[in-house]
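S.K.: Just so we're aligned, residue 1 is where the sequence shown starts under full-length UniProt numbering, counting upward by one. Even for Gly, the Cβ is constructed at its ideal location relative to N, Cα and C. Before we start, here is the structure in question, set down as structure tokens.
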Amino acid sequence: MGTDTTISIDVGGQKDIGTTCLSFQQISYQVRGTNGKTKQLLHDISGSFQSGRLAGIMGPSGAGKSTLLNVLSGFKTSKMSGKLLVNGQPIKPQKYRREVTYTSQD
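Dropping the structure here:
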């Protein structure tokens, strides 16, 4: 993986409604292939998203961007390991799946 880059964009005119931070630590995700062998799709990914901030995940095709978002949003959880935190408190993605969304590029 390359270096991390943060880009801040001022979207002015928004009211401050407090902040929420979704952070993730050492997220790994694996699936069982058609041959029965386990395949690691994500390995020890860490980061955070701050409410009210625009965030982007970039990388080449097949890098795991959609898989990461599906794991973080609770849509894929069966073979996930690592920690998900909201404002520093541990959470289970299955419990907040209905409250989380993301927009894909399509």
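Got a sec, what are the start and stop residues for the alpha helix (DSSP H) residue 157 sits in?
M.R.: As shown, the chain starts at 1 and ends at 106. That puts residue 157 outside it, with no answer to give.
S.K.: To the nearest angstrom, report how far apart Lys92 and Gln40 are at their CA atoms.
M.R.: Locating residue 92 in the sequence shown gives position 92, counting from the first residue. Locating residue 40 in the sequence shown gives position 40, counting from the first residue. Between Lys92 and Gln40, the C-alpha separation is close to 21 Å.
S.K.: Whether or not the segment 36 to 50 and the segment 92 to 103 are in contact is what I'm after, with contact meaning three or more pairs of Cβ atoms, one per stretch, closer than 8 Å; do they touch?
M.R.: no
S.K.: Can you give the Cα-Cα distance for Gln30 and Leu85, rounded to whole angstroms?
M.R.: The residue labelled residue 30 in the question sits at position 30 within the sequence shown. The residue labelled residue 85 in the question sits at position 85 within the sequence shown. Going by the C-alpha atoms only, they are around 20 Å apart.
S.K.: Please work out which residues of its chain come closer than 7 Å, Cβ to Cβ, to Ser81, disregarding the five sequence neighbours upstream and downstream, and give them in chain order.
M.R.: Taking the sequence shown and counting its residues from 1, the one referred to as residue 81 is at position 81. Excluding positions up to five away in sequence, the list reads Ser28.
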